[in-house]
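Numbering (the working numbering), first residue to last: 476 to 631.
See the structure below:
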């Protein structure tokens, strides 16, 4: 309207569209899982899963039978991580994580004095060598009750 009333007046140009800006370099947009650990954890789980049905023999180190800690040790060896042999030493061989953050491959340790270990798979499950004379199997991480979980360790 002003342009018609004032022949020398030109309408202002429209404002430019706002430019998309990214967060400063290094600012995470979300917490992404570590792809390196995910691959290693998957390899460890695949190895453990292939052992299902083999007997649990206390002190055995494979390949025909395992005890709980030799199973987790062998599984992580395939994934390129050297774990100690005993359950007690495996309890400190990585980073503690809350049960709510458990990922496939994590070590699930049991009882007050850390006497048993399994390897987490997914959906609250794990593979373990439960006790001598019982076959290696996959079952709930709560197989011995929720209070029986001592800690969860991420080895890599």
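Every residue gets a Cβ at the ideal spot worked out from N, C-alpha and C, and that includes glycine.
The region 593-612 makes no contact with the region 555-571: fewer than 3 CB pairs, one atom from each, lie closer than 8 Å. Look at residue 547 here: in three-state DSSP terms it is helix. Residue 605 places its beta carbon 8 Å or farther from that of residue 551. Residue 627 sits close to residue 581, with the two beta carbons spaced by under 8 Å.
Two segments are said to touch when three or more pairs of C-beta atoms, one from each, lie closer than 8 Å; by this definition the region 564-571 does not touch the region 528-539.
The DSSP assignment places 562-565 as complete runs of the alpha helix (DSSP H) inside the region 554-595, in order along the chain (cut-off: 4 residues).
Leaving aside the five residues that flank residue 583 on each side, the residues in its chain whose CB is nearer than 6 Å to its CB run, in chain order, 593, 595, 601, 616, 627. For residue 610, the secondary structure class from DSSP, reduced to helix, strand or coil, is strand. Its chain contains 631 as the residues whose beta carbon lies nearer than 6 Å to that of residue 512, once the 5 sequence neighbours on both sides are disregarded; these appear in chain order.
Judged by DSSP in its simplified three-state form, residue 627 adopts strand. Per DSSP, residue 600 is one residue of the beta strand (DSSP E) stretching across 600-603.
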